[in-house]
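Just so we're aligned: 256 in full-length UniProt numbering is position 256 of the sequence shown, and the numbers increase by one with no gaps anywhere. Where a beta carbon is used, it is the ideal one built from N, C-alpha and C, also for glycine. Okay, so here's the structure we're looking at.
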Amino acid sequence: MTIINSTRIGDSGRQVVFLHGLFGRGKNFTRIAKDIEPEFSSLLVDLPNHGESEWTETFDYVYLADAVAAHIAEAVDSDDQPVHLVGHSLGGKVAMVLALRHPELVDRLVVVDIGPNAGGSTGVFEHLLSSLAALDLDRIESRTEADAALTEPIPEAAIRGFLLQNLRPTSAGYSWQPNLALLHASLDVIGDFPDTGDAVFDHRVLWVAGERSDYVDRDDLPQMRRLFPRTALLTVKGAGHWVHSEKPREFVSALTAFLSRP
Numbered sequence: 001m002t003i004i005n006s007t008r009i010g011d012s013g014r015q016v017v018f019l020h021g022l023f024g025r026g027k028n029f030t031r032i033a034k035d036i037e038p039e040f041s042s043l044l045v046d047l048p049n050h051g052e053s054e055w056t057e058t059f060d061y062v063y064l065a066d067a068v069a070a071h072i073a074e075a076v077d078s079d080d081q082p083v084h085l086v087g088h089s090l091g092g093k094v095a096m097v098l099a100l101r102h103p104e105l106v107d108r109l110v111v112v113d114i115g116p117n118a119g120g121s122t123g124v125f126e127h128l129l130s131s132l133a134a135l136d137l138d139r140i141e142s143r144t145e146a147d148a149a150l151t152e153p154i155p156e157a158a159i160r161g162f163l164l165q166n167l168r169p170t171s172a173g174y175s176w177q178p179n180l181a182l183l184h185a186s187l188d189v190i191g192d193f194p195d196t197g198d199a200v201f202d203h204r205v206l207w208v209a210g211e212r213s214d215y216v217d218r219d220d221l222p223q224m225r226r227l228f229p230r231t232a233l234l235t236v237k238g239a240g241h242w243v244h245s246e247k248p249r250e251f252v253s254a255l256t257a258f259l260s261r262p
């Protein structure tokens, strides 16, 4: 099984496991994890092909979900299981598949700005990853140079900063820490959702959408409730796709209220 890296924050309260989105890393949830202390402690997971975790040869949601489940079972004390599971975007799909396949590991599930939809749009990420792939790393001598080179194709400074966290200096220059080639080539699979058979996760689920994002559609609610019958949908006003980073106070408030509810 693929080796997965994770970071712990906090040492008291119920355990919350965070799964990041495409081209992210577990530490993207550091602020949120610190804001929910001491009521909750957190495990920030680097998904395979991201951060410090190992790369895989192919992209497969079922394999990723099983690998993360095995990591949770090993990393979290049995007394702290089941855990609360939070997943954003790509991590949200992994979290949904994990909950359906390993319900004994998950108490409550929070899915952030993604649905269990097959054939979902990845147009934004096609543009972003194509822009990164086109960057000539042999000519880059600093992250500042890389930022300048990406300004035209990616004018949003916050998005460039998010992506450039993955640029790492090496003895031969700079390289991407995530598996850019595989992720770029697998966008169709990433935008899809696997067949999970008759599996149903009947614990409480909070489905969080960004008001300005088009990744969650109310037309997806019947499918969401077929798989997760106890789903409540919350739309965060003014937020786009990266809800937790754009509206952290609102996100923390909703998260703690949901996880603390009897």
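Looking only at its own chain, which residues have a Cβ that is under 7 Å from the Cβ of residue i, when we skip the five neighbours before and after it?
i	result
Ala199	Leu100 and Arg101
Ala65	Val94, Val97, Leu98 and Arg101
Val189	Phe59
Pro153	Ser131
Leu164	Arg143, Ala146 and Asp147
Let me know if residue i comes out buried or exposed under the rule of 16 or more other beta-carbons within 10 Å of its beta-carbon.
i	result
Gly115	buried
Asp138	exposed
Arg160	buried
Thr122	buried
Lys257	Note that residue 257 is Ala in the sequence shown, not Lys. Counting Cβ neighbours within 10 Å, Ala257 comes out exposed, since fewer than 16 surround it.
Pro48	buried
Ala148	exposed
Gly197	exposed
Pro3	Reading the sequence as shown, one finds Ile at residue 3 and not Pro. Ile3 should be labelled exposed.
Pro262	exposed
Pro229	exposed
Ala118	exposed
Pro178	buried
Ser260	exposed
Ala33	buried
Ser253	exposed
Ala158	exposed
Ala69	buried
Ser41	buried
Please list, in chain order, all residues of the same chain as residue i whose beta carbon is under 8 Å from its beta carbon, the five residues on each side excluded.
i	result
Val83	Arg14, Gln15, Val16, Val17, Leu43, Ile72, Val76, Leu105, Val106 and Asp107
Tyr213	What sits at residue 213 in the sequence shown is Ser, not Tyr. The answer, listed in chain order, is Asp113, Ala239, Gly240, His241 and Val243.
Thr144	none
In whole angstroms, what separates the C-alpha of residue i from that of residue j?
i	j	result
His127	Gln223	28 Å
Leu227	Phe201	6 Å
Phe23	Pro248	20 Å
Pro169	Asp219	44 Å
Gly210	Ala232	14 Å
Glu141	Gly173	7 Å
Ala185	His50	15 Å
Gln81	Arg8	15 Å
Thr30	Leu109	19 Å
His235	Met1	In the sequence as presented, His is not what sits at residue 235; that position holds Thr. Between Thr235 and Met1, the C-alpha separation is close to 36 Å.
Trp55	Ser175	14 Å
residue 279	Leu135	For residue 279 there is no data in the structure shown, the boundaries of the chain being 1 and 262.
Leu150	Val124	15 Å
Asp79	Ile36	20 Å
Asn28	His20	7 Å
Asn166	Glu74	27 Å
Tyr63	Leu182	15 Å
Gly92	Glu57	21 Å
Val205	Pro194	19 Å
Ser89	Val111	8 Å
Asp217	Arg225	13 Å
Trp207	Lys237	14 Å
Ser221	His203	According to the sequence displayed, residue 221 carries Leu and not Ser. In a straight line, the C-alpha of Leu221 is about 16 Å away from that of His203.
If you drop the 5 nearest sequence neighbours on each side, which residues of the same chain put their C-beta closer than 6 Å to that of residue i?
i	result
Asp46	Asn5, Arg25, Gly26, Glu52 and Ser53
Have a look at the DSSP bridge pairing and note the partners of residue i.
i	result
Ile9	Ser42
Tyr174	Pro169
Val16	Ser42 and His84
Gly91	Bridge partners of Gly91: none, in fact.
Val208	Val112 and Leu234
At least one CB of chain C closer than 8 Å to the CB of residue i: is that the case?
i	result
Arg108	Here there is only one protein chain, and chain C is not present.
Going along the chain, which unbroken runs of the beta strand (DSSP E) with 3 or more residues stay wholly within the segment 27-57? 40-45
Write down every uninterrupted run of the beta strand (DSSP E) in the segment 222-258 whose length is 3 residues or greater and which is fully enclosed by it, in chain order. 231-236
Runs of beta strand (DSSP E) lying entirely within the segment 98-169, each at least 3 residues, in chain order: Within the segment 98-169, the runs of beta strand (DSSP E) at least 3 residues long that lie entirely inside it are, in chain order, 106-112.
4-residue-minimum alpha helix (DSSP H) runs that sit fully inside the segment 180-207, ordered along the chain: 180-185 and 187-190
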